[in-house]
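Contents: one structure, followed by commentary.
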Amino acid sequence: MKLEPSFYYRKNVTTVARDLLGKALITNVKGQISSGIIVETEAYSWKERGCHAYNGRKTQRNEVMFGAGGKAYVYLCYGMHHLFNVVTNREGIAEAVLVRAVEPLEGIDLMRKRRGDVHAHQLTSGPGKLTRALGIDRSWNGKVLWNDDVWLEDIGRKVSGKQLEVSKRIGIDYAGEDANLLWRFSIRDNKWVSR
DNA sequence: TAGAGGATTGAT
DNA sequence: TCAATCCTCTAC
309 MKLEPSFYYR KNVTTVARDL LGKALITNVK GQISSGIIVE TEAYSWKERG CHAYNGRKTQ
369 RNEVMFGAGG KAYVYLCYGM HHLFNVVTNR EGIAEAVLVR AVEPLEGIDL MRKRRGDVHA
429 HQLTSGPGKL TRALGIDRSW NGKVLWNDDV WLEDIGRKVS GKQLEVSKRI GIDYAGEDAN
489 LLWRFSIRDN KWVSR
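One rule links them: number in my numbering = place in the first sequence (from 1) + 308.
Shown next as structure tokens:
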């Protein structure tokens, strides 16, 4: 079952980030389906320095984050990697959840084709890798997440408190104290969690 | 309009 | 540990 818009509209971005664990991210590129189970996320909010939209800073790139929740925010990092975010909250409030890693579910052969011949557990174990494996690029920026190209689904997988791992976010040393926020959520001992 | 730098990856 | 590589933002 596809996640309802109300799932994304919720006000607490960290709650959405936690709830996304165990959900499936599915893409349909020219009729070819590939999907993965989300095992690692990070929350970002305009209220803290790790976020592109810190302090309400709005640019052409991050404009989508200011829209209503439930859209994809895809941007290029380091000139070579596409990163996939889920926009949350209501219009005017810039918050998003970065999907950092998924566990391959469907279309594994297709992912291999896109990623080259790598070990199964390296197919989608990082934010730049999973976008490539699933065929996501910047042209997907702004798509709503309940259409037929890309969507999220509840596949009934529960993440217990025991499995939930909370930690500091990665790669935002420049954010000062905000880099210490425990806004990274992952499934403990899952092979596809990055690093 | 030019220059600096980045929410990463993969090879060395 | 470091280079690849190019878009985005900022400042001139």
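Ideal Cβ placement from N, Cα and C applies to all residues, glycine included. A quick note: this is a predicted structure, and the numbers were derived from the prediction, not measured.
Contact between the stretch 487-498 and the stretch 343-357 is present, with at least three C-beta pairs closer than 8 Å. Remark: fewer than three beta-carbon pairs, one from each stretch, lie closer than 8 Å, so the stretch 426-438 and the stretch 463-472 are not flagged as touching. For ARG326, the enclosing alpha helix (DSSP H) covers residues 321-328.
Boundaries of the alpha helix (DSSP H) around GLY436: 435-442. Three or more Cβ pairs closer than 8 Å define a contact, and the stretch 420-433 falls short of that threshold against the stretch 446-456. Rounded to the nearest angstrom, the gap between the Cα atoms of CYS385 and GLN430 is 19 Å. Taking a contact to require three or more Cβ pairs closer than 8 Å, the stretch 326-342 and the stretch 367-384 do not qualify as touching. For LEU453, no alpha helix (DSSP H) run applies, since DSSP gives it neither H nor E. For GLU485, the three-state secondary structure derived from DSSP is helix.
For ASP417, the number of other beta carbons within 10 angstroms of its own is below 16, and it is reported as exposed. One thing to note: LYS319 has its Cβ no nearer than 8 Å to the Cβ of ASN393. Taking C-beta atoms as the reference points, TYR316 and GLY400 fail to come closer than 8 Å. Proximity to SER314 across ILE480, VAL474, LYS499, VAL452 peaks at VAL452, based on C-alpha coordinates.
GLU371 has no beta-bridge partner at all, per DSSP.
Assigned with DSSP and collapsed to three states, HIS429 falls in helix. In this structure, THR439 sits away from HIS360, with a CB-CB distance that is not shorter than 8 Å. For ALA487, the closest C-alpha among the options GLU356, LYS310, THR322, VAL337 is that of GLU356. Taking all protein chains in view, the Cβ of SER353 is crowded by 16 or more other Cβ atoms within 10 Å, so the residue is classified as buried.
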